Amino acid sequence: MGVRASTLTGRAVVDPRLLHLTKWKERQVDDMLIAHEHDLGGRFALGPRHAAVLLGMTDDEAAPIFELMDTDHNDLVDAFELIATIVTLSGLTIRQKIDVLHALFDFSRTGELTVDELTIFFRCVSSGCSKVDGNVVAPTVAELEKTAKWCFTKADRSLSMELAKREFDEFVFTDPRILHFLEYFSGDTRQVPLLTGAKWTDKGWRLFADAGSPLKGMPFEGESLHSKRPDECLELSPALFGGTRLGLIRPGLVQDRGFLGAVAILSTAPKLIKNLFVPTGQEDPHGRFALRFIIGGRERVVCVDDRLACSSLNRPLLARTEDPAESLWLPLLEKAFFKLRGSADAAAAASTLDCLRALTGDAWEEFAELPGDATALWDLLKAWTARGRAGLAATPRGGRPRGCGVVAGRAYGVLKVVEAGPKRVRLVQFCRGWAGPRPGGRWSLDDERWDDPVVAKECGFRAKDEAVFWLELDEVQQVFDCGWSCKLYDPEMWTTQRRAAAFPDQGGGCLNQTTWVANPQFFLDLPHKTPVQLTLTQNGTHAIGLCVVRQDRGDDGAAVEKVVDVKQDRVVGLTERFVKGPAVDMYLDDLDVGAYAIIPMTLSPVAGTGGAVAVSTRARTPHTLRGEEEILARAVSDEGTSSHDTILLEAPPAPALLAGGDQEAQSVAALYGLIGDLWVEAFGLQLRRDALLGRYKKLYRAKWEQAQRRLAAG
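Read left to right, the sequence shown gives residues 24 to 737 (my numbering).
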């Protein structure tokens, strides 16, 4: 419990044999504890019959649970491991679970825990949960002992003393690894009590913020707007996913263009969409679905029923899918997003960028304008598709004419870019995404150009693939004018951990100022040499960057201190030109084994800005990422020092020089770039001067105070 919990993502996928235990409340848990103490005499090992007595079940009902927990196949299970697992899975709140588990492992009944009791506590919970969810890897006994000792160290207790309940609670509720482990086994993914075959109704969902003021084009709730189950409003009872393909999007009456555009971009990866649905075991026949989103670096799980908003004629009013078959995933995902935002009104106001981040948690970038130069656009598209996902859209405003069947205001996912044939024609493949006429330009599916076997092979062309379309680069330039992209890391190869980051209300800034030490810091431990990708996202539009410093730590890897002095020879990564934007990335190739501090920074101090830090590695053993609340952070000075060069703001890009053309225009462009560079250098020198002046005043003050003390001493 705790050591590897931060590598878990999503919510628990509990073995179906134990899912019904997630409905247990206080009464069932109390009955189990009473049965263990009075009926079973508090015994440590349980046989099949004992387990049935403990759980209040028949032998046949308890047999699947016993079989799952008896991994040694010796017809015995650890009683405390079984009880701890059921308590963790139950529908109790996290606070209730902690109280029950603390009392369970307080063998001496003093209200306090010894270090041995705490180690047994952690072992039983982690070992039991690893048996019911394959994503959980139980830490070694040595790791659990280290965590237990660390708990005592934080409470300033020797290992011969006992840990008070208050101190235990403080550790559990401030250690993100343990808290995340408990959150992983809580929330909407647990089952709720339902009668056999009964339908679940989500009473917390609403379509409009004000039922009396629906969105434009939508009917009023009541006589003209009803909620119907799928078998009541659809000709065929559809599955959650109709097949290997997701189907094409048909928008409903809610004008949530940003959300549907994000879904269209992500439809290039069906697995990603499918992973948004978290199993609850109550999907069929109860109609209860759970979906995950990422908000501010933290996961949010939203539970919805399968009722669909319909007109008086029982026609669904929200987005749907078609071709090859209608499926439920899109209306349920849209409904969950409405609930996440509060209502359809709020969801309709969300931008495509906001929706992409909420659906994936990745650091998406938005490009309000695409490069006008063909070569620059081609290079940009190649970079996007090579590193992750991308989408393009034609904004719904006047100006240059649209074409190729692309609908203004809709986003289309980019699949790949190819230079094909002897003439090296530049082609871009898009995911069709939307229902209706399939877009296409000169390279339509039936165009004779595809008869060239070289072109067809290099493009991977399939004549019957109606889910994609191809455009030549000049057509892309004509049609699209904005886009989105992000880097992706395959979860099968990369381990990603996130932490929320909040910049201080006072102090902060970057290494140009001594107040940078007030910024949040995160502490990374790498067990193996590995490439590391760091991403800092923010809620605002400040100039942001990252600094990564190698640290020397003692035997206790958690007992570290904040960095207060950044020495140039210890810096392994630094954003030297800060970027104004929603996110900044840093890639460190083959970072050595060891300990590192990660310092998010803003170019100048700001107040109230929040965000998140994400760290991805390819180490064989998952890395460890901790925040300040997880370390022995002693009081530090209000001022930090740094021997690194001055950090600058990234200069605005100068207009590109075109081959040929007006020489005067090119000279003006070059002058523009030169002035921009000079301005940046001047700004940097000014910051450097201010920093040196501050240090001079500090030294002069210290020298003056020393002289005064000498005079006072006679």
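Quick reminder that beta carbons are idealized off the backbone N, C-alpha and C, glycines included. Predicted model, so just to flag it, every value in this text is computed and none were measured.
heavy atom of the ligand NAD below 8 Å from residue i C-beta
i      : result
VAL502 : Judged by which ligands are present, the structure shown has none, so any question about the ligand NAD falls away.
For residue j and residue i, the rounded distance between their alpha carbons
i      : j      : result
GLY717 : LEU626 : 18 Å
GLN741 : LEU341 : Examination of residue 741 is not possible in this model, given that the chain is present from 24 through 737 alone.
PHE208 : ALA126 : 20 Å
ARG200 : ARG522 : 11 Å
VAL638 : LEU648 : 8 Å
TRP401 : PHE503 : 13 Å
THR664 : VAL540 : 8 Å
PRO39  : GLY304 : 7 Å
THR344 : LEU230 : 20 Å
ASP83  : SER131 : 35 Å
ILE621 : HIS203 : 21 Å
LEU351 : LEU276 : 17 Å
PRO462 : ASP575 : 58 Å
LEU353 : THR408 : 25 Å
THR219 : LYS362 : 27 Å
THR538 : GLY530 : 5 Å
GLY699 : SER366 : Legend: pLDDT at GLY699 = 46, less than 50; position of this residue unreliable, value from coordinates given subsequently. Spanning the two alpha carbons is a distance of roughly 45 Å.
MET80  : ALA161 : 28 Å
ARG118 : TRP223 : 26 Å
GLN731 : LYS720 : 16 Å
ARG724 : LEU182 : 46 Å
VAL491 : VAL430 : 15 Å
LYS585 : ALA524 : 15 Å
ASP95  : CYS147 : 15 Å
ARG733 : LEU715 : 27 Å
LYS510 : ASP608 : 9 Å
THR553 : ARG641 : 6 Å
GLY684 : ALA618 : Summary for GLY684: the model assigns pLDDT 40, below 50, so the residue's position carries little reliability; its value from the coordinates is reported in the next sentence. C-alpha separation (whole angstroms): 54 Å.
GLY395 : ASP497 : 10 Å
Nearest-angstrom beta carbon gap, residue j and residue i [assumed within contact, 8 Å]
i      : j      : result
LEU105 : GLY151 : 7 Å
THR598 : GLY568 : 3 Å
VAL52  : LEU115 : 7 Å
GLU140 : ALA187 : Not a contact, Cβ separation roughly 13 Å.
LEU559 : VAL636 : 6 Å
THR133 : GLU185 : 7 Å
GLU495 : TRP466 : 6 Å
ALA178 : PHE196 : Their Cβ separation, rounded to whole angstroms, is 13 Å, which puts ALA178 and PHE196 out of contact at 8 Å.
LYS120 : LEU217 : Not really, about 22 Å apart at Cβ, beyond 8 Å.
Residue j beta carbon less than 9 Å from that of residue i
i      : j      : result
LEU263 : ILE272 : no
VAL37  : LEU112 : yes
LYS603 : HIS565 : yes
THR383 : LEU289 : yes
ILE317 : ALA381 : yes
ALA68  : PHE89  : no
ALA434 : ALA416 : yes
ASP528 : GLY650 : no
PRO605 : ALA386 : yes
CYS256 : LEU355 : no
GLY444 : VAL478 : yes
VAL325 : ALA369 : no
GLY436 : THR291 : yes
VAL594 : VAL571 : yes
LEU41  : GLY70  : no
THR375 : ARG280 : yes
When the options are compared against residue i, the one with the closest alpha-carbon
i      : options                           : result
MET516 : TRP223, ASP470, GLN556 and LEU496 : GLN556
LEU403 : ARG573, GLY506, CYS333 and ARG364 : GLY506
GLU60  : ARG40, ALA102 and PHE89           : ALA102
PHE191 : ARG146, CYS174, PHE204 and ALA630 : CYS174
VAL616 : THR224, LYS585, LEU547 and GLU357 : LEU547
GLY483 : THR518, PHE145, ASN97 and VAL441  : VAL441
LEU91  : LYS154, ILE57 and VAL148          : LYS154
THR137 : LYS172, CYS533 and PRO216         : LYS172
ASN562 : ASP470, ALA397 and GLU388         : GLU388
PRO543 : LEU534, CYS533 and PHE526         : PHE526
LYS251 : ARG66, LEU217, SER334 and CYS454  : SER334
GLU306 : THR176, VAL327, THR163 and GLU481 : VAL327
C-beta neighbour in chain B for residue i, strict 9 Å
i      : result
VAL491 : Among the chains in the structure shown there is no chain B, since it carries only a single protein chain.
To test your reading of the DSSP string, which unbroken beta strand (DSSP E) runs of 3 or more residues are found completely within the stretch 475–557? If only complete runs of 3 or more residues are kept, the stretch 475–557 shows the beta strand (DSSP E) at 491–495, 505–510, 518–525 and 545–549, in order along the chain.
Could I get the ranges of all uninterrupted alpha helix (DSSP H) runs contained in the stretch 102–134, with 4 residues as the minimum, in chain order? Listed in chain order, the alpha helix (DSSP H) runs fully inside the stretch 102–134 are 102–112 and 117–127, counting runs of at least 4 residues.
4 or more residues per run - each alpha helix (DSSP H) lying fully within the stretch 292–353: DSSP runs (the alpha helix (DSSP H)) wholly in the stretch 292–353: 293–297.
Completely contained beta strand (DSSP E) runs for the stretch 382–418, where each covers 3 or more residues: If we require 3 residues or more, the beta strand (DSSP E) runs fully inside the stretch 382–418 come out as 388–390 and 411–416.
With a floor of 4 residues, list each alpha helix (DSSP H) that falls wholly inside the stretch 58–83, ordered by position along the chain. The stretch 58–83 contains these whole alpha helix (DSSP H) runs: 71–78.
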